[in-house]
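Note sheet for the following structure.
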Ligand code: UT7
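Residue numbers (the working numbering): 107 to 483.
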């Protein structure tokens, strides 16, 4: 029997703080009218001082595991797609692994700009189909507000913070992730870039003074690229799944700009009611935008078992990717029962105790040396 990778859980986390276009117009020379007509964005969420990419990722992951009814200990792999990791290293995925108590899981970050979630989903599905993994957690999480130059009106109006996650599990049959296509064109690397902070230009007073740790973007060129690849990648993925566009119930595109989405929908001859859009609420949350939109589409009852959904993204790299999923779970799902929520809450408290215990043991080890560890003291 063929093994497929089914999405069995999903979750999102958005910061409470809302920054509207009018709020932004008080900071930079812009207007609600300009932002709405050029991008479709009305507001975005901004992480507070206690929030970060990892905290948002952890909350989205817990929600996804709750929906799947899966214990974190059963996870084989955790992938966090992000352009704004907690640190250069360790990977944000390891912080998520520790907070979840996913003691059997490998964990790593994936950097493919705003296409990161589709890349991670594709990789996770292949890991499951090959038999290497049974249960994989895929997260897209970002705190772009931390790398945006709040004095640059051409970029600061576009981005927001948030996280979305899905649980992929091995299942028998031919549903789940049916196909994926990934692409890259590094000749456009400079079109969307944080110039400093990596090995090419390590941080220095000069890089800070020049604003080289912020997002730099050639908006027009990225726009042209996006309108070229979105429809093409979607079509290729649909073809690879052995389907036609008529069989697609919903397109969930990367939420960057309504004009880019409309242009792709037009090229694919998809009517508006078969294209999911929530960028007016959250702006562009990079690798988090597709999983957040998927969660909201499910919550709104836009996906039914048997439906085919296309996820398509583009971004820094330049990269692009599209995946076709045959939806398998009935929606809306029943609320997670109280006992399960309590059990998970206890599990996560235990995970933090375990983490603290391991840190203490490591300190003790360093203090007393190997003989103590070997029971010789
Ligand atoms: O995840 C991938 C991330 N990136 C993207 O998806 C970006 C793709 N690109 C875009 O979405 C669009 O190119 C933008 C929304 C960034 C810009 O829209 P545009 O229609 O391409 O505007 P533009 O860059 O051609 O600028 C038009 C004018 C310029 O003024 P002048 O030179 O014509 O006098 C800009 O200075 O609009 C001005 N402008 C603004 N005005 C008010 C640029 N940003 C703003 C602003 N408010 N926030």
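All C-beta atoms, glycine included, are put in the ideal place defined by N, C-alpha and C. Keep in mind that this is a model prediction, so the values were computed, not measured.
Cβ of residue 299 within 7 Å of any heavy atom in the ligand UT7?
For residue 299, the shortest C-beta to heavy atom distance toward the ligand UT7 is 7 Å or greater.
For residue 390, which beta-bridge partners are listed by DSSP?
Partner(s): 265.
Own chain partners of residue 176 with C-beta closer than 8 Å, once the 5 adjacent residues on each side are dropped:
Here the set comprises 114, 115, 241, 273 and 275.
Between which two residues does the beta strand (DSSP E) holding residue 359 run?
Segment 356–359, the beta strand (DSSP E) holding residue 359.
In the DSSP output, what is residue 283 paired with across the bridge?
For residue 283, which the question treats as bridged, DSSP gives the partners 431.
Only counting the same chain, and skipping five residues up and downstream in sequence, which positions put a Cβ closer than 7 Å to that of residue 203?
184, 211 and 213, listed in sequence order.
Around the Cβ of residue 110, are there at least 16 other Cβ atoms within 10 angstroms (buried) or fewer (exposed)?
Classification of residue 110: buried, given that the 10 Å Cβ count is 16 or more.
Below 8 Å on the Cβ atoms is my contact criterion, and I expect residue 186 with residue 197 to pass it. Report the Cβ-Cβ distance as a whole number of Å.
Confirmed, Cβ separation roughly 7 Å.
Return the chain-ordered ranges of every alpha helix (DSSP H) run that is complete within the segment 299–372 and spans a minimum of 4 residues.
Contiguous alpha helix (DSSP H) elements confined to the segment 299–372 occur at 311–315 and 325–346, taking only those with 4 or more residues.
is_contact[residue 330, chain B] using C-beta, thresh 8 Å:
No chain B is part of this structure, which consists of one protein chain only.
Check: residue 360 C-beta below 7 Å from any heavy atom of the ligand UT7
For the ligand UT7, at least one heavy atom lies less than 7 Å from the Cβ of residue 360.
Report buried or exposed for residue 462, applying the criterion of at least 16 other Cβ atoms within 10 angstroms of its Cβ.
Burial call: exposed.
Validate contact between the segment 426–444 and the segment 276–287 using beta carbons, cut 8 Å, 3 pairs
At 8 Å Cβ cutoff, the stretches touch.
Is it buried or exposed, residue 118, if we count other Cβ atoms within 10 angstroms and call 16 or more buried?
By the neighbour-count definition (other C-beta atoms within 10 Å, threshold 16), residue 118 is a buried residue.
At a threshold of 7 Å, does residue 185 count as lining the ligand UT7 (C-beta to nearest heavy atom)?
Residue 185: no, Cβ never under 7 Å from the ligand UT7.
The ligand UT7 heavy atom lying under 7 Å from the CB of residue 220:
At least one heavy atom of the ligand UT7 lies less than 7 Å from the C-beta of residue 220.
Run through DSSP, which three-state label would residue 190 get?
Residue 190: coil per DSSP, three-state reduction.
I'd like to check one pair, residue 393 with residue 188: are the Cβ atoms closer than 8 Å?
Yes. Within cutoff.
Is any heavy atom of the ligand UT7 found at a distance shorter than 7 Å from the C-beta of residue 369?
False, no ligand heavy atom lies under 7 Å from that Cβ.
Where does the unbroken alpha helix (DSSP H) through residue 116 begin, and where does it stop?
No alpha helix (DSSP H) holds residue 116; the beta strand (DSSP E) holding it covers 109–119.
Quick check on DSSP: helix, strand or coil for residue 289?
Looking at residue 289 - three-state DSSP - the assignment turns out to be strand.
Nearest-angstrom Cα separation, counted from residue 112 out to residue 310:
About 46 Å.
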